[in-house]
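Residue 1 is where the sequence shown starts when you use the numbering used here, and the numbers rise one by one after that.
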Amino acid sequence: MTVGVTPRRLKIFFDGGCRPNPGRIEVAVFARGIAYFGDDCGEGSNGDAEWLALIAALQIAHALSDGPFDLIGDARFVIDRANGTYPCRTPEVQAHRDHFLKLAAPRPPARIRWIGRAQNLAGIALEQRRGGVLTSPAAPLP
C-alpha cells in the first residue's frame with residue numbers, strides 16, 4: 001500500500017421487499033458487481049424485508065472483506081434506526097435493530113447511508129430479476 005493513500009471502503013448495497021405487503025419476503029445485496037438474492041426469507045412486511053436485507057448485506061460484507069465497508073440502501077426508516085438517529089417505537093423494530101447490532105458488534109460498518117431508489121444497485125437488480133432481465137452476475141445469499 002502506498003503511504004498516505006487511504007484504502008477505499010467496500011460498498012454493499014441492499015434492498016428488500018415483499019409482494020403483497022405483508023407477504024413473502026425477498027432480499028437483494030449487490031457487492032463487487034455481483035447481485036446476491038434471497039428469495040424465500042419468510043413472511044413479513046416491507047419493513048421486515050428491509051431489515052433482513054440490511055442484515056444480509058452485513059453478513060456479505062464480513063464474508064468479502066476484512067477492511068472497512070459501507071452499507072447503502074434506500075430504506076430511510078431502517079437506516080435511521082440502525083444508525084440510532086431515530087428511536088425504535090415497536091418491539092418488532094427494536095428486535096430487528098438489536099439483532100443487527102449484535103451481528104455488527106465484532107466489525108461494524110464504517111457507515112450506513114441512504115441513497116435514492118434510482119441509485120440503489122441492489123434495488124435495481126431486484127427489479128431486473130422480477131422482470132426477467134437481470135444484467136449482473138447473480139448468486140444466492142450465502
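Idealized CB from N, CA, C, for every residue including glycine.
Beta-carbon gap between glutamate 50 and leucine 126 smaller than 8 Å
Within the sequence shown, numbered from 1, the residue matching residue 50 stands at position 50. Within the sequence shown, numbered from 1, the residue matching residue 126 stands at position 126. No, the pair does not count as a contact, with Cβ atoms beyond the cut-off.
Is the Cβ-Cβ distance between leucine 134 and alanine 35 less than 8 Å?
For this step, residue 134 is matched to residue 134 along the sequence shown. For this step, residue 35 is matched to residue 35 along the sequence shown. In this structure, alanine 35 lies closer than 8 Å to leucine 134 by Cβ.
Could you tell me the boundaries of the beta strand (DSSP E) in which glycine 17 lies?
Here residue 17 refers to the residue found at position 17 when the sequence shown is read from its first residue. It spans 10-19 - the beta strand (DSSP E) in which glycine 17 sits, taken as one unbroken run.
As assigned by DSSP and simplified to three states, the class of leucine 71
Numbered from 1 along the sequence shown, position 71 holds the residue referred to as residue 71. DSSP places leucine 71 in strand when its eight states are reduced to three.
Output the distance between the C-alpha atoms of proline 91 and isoleucine 112, rounded to the nearest integer angstrom.
In the sequence shown, residue 91 corresponds to position 91, counting from 1. In the sequence shown, residue 112 corresponds to position 112, counting from 1. One alpha carbon belongs to proline 91, the other to isoleucine 112, and they sit about 22 Å apart.
Delimiting residues of the beta strand (DSSP E) encompassing glycine 23:
For the purposes of this step, residue 23 is taken as residue 23 along the sequence shown, with counting starting at 1. Counting along the chain, the beta strand (DSSP E) containing glycine 23 begins and ends at 23-31.
Short check: CB of alanine 31 to CB of isoleucine 72, under 8 Å?
Mapped onto the sequence shown, residue 31 falls at position 31. Mapped onto the sequence shown, residue 72 falls at position 72. No, they are not a contact pair.
Look up phenylalanine 100 in the DSSP assignment and give the residues it is bridged to.
Position 100 of the sequence shown, counted from the start, is the residue given in the question as residue 100. When beta bridges are read from the DSSP output, phenylalanine 100 appears opposite no residue.
Sort Gly16, Gly131, Ala110 by Cα distance to isoleucine 55 and report the nearest one.
Translated into positions along the sequence shown, residue 55 becomes position 55. Selected option, being the one with the closest Cα: Gly16.
Option nearest phenylalanine 69 by Cα separation, candidates Arg129, Asp98, Phe14, Tyr86:
Translated into positions along the sequence shown, residue 69 becomes position 69. Nearest C-alpha to phenylalanine 69: Phe14.
In this structure, does DSSP put glycine 44 in helix, strand or coil?
Within the sequence shown, numbered from 1, the residue matching residue 44 stands at position 44. For glycine 44, the secondary structure class from DSSP, reduced to helix, strand or coil, is strand.
Nearest-angstrom Cα separation, counted from leucine 103 out to proline 82:
For the purposes of this step, residue 82 is taken as the residue at position 82 of the sequence shown. For the purposes of this step, residue 103 is taken as the residue at position 103 of the sequence shown. The residue asked about is misnamed: residue 82 is alanine in this sequence, not proline. If you take the alpha carbons of alanine 82 and leucine 103, they lie about 12 Å apart.
Which class does isoleucine 115 belong to by DSSP, given the choice of helix, strand or coil?
Numbered from 1 along the sequence shown, position 115 holds the residue referred to as residue 115. Coil, per DSSP.
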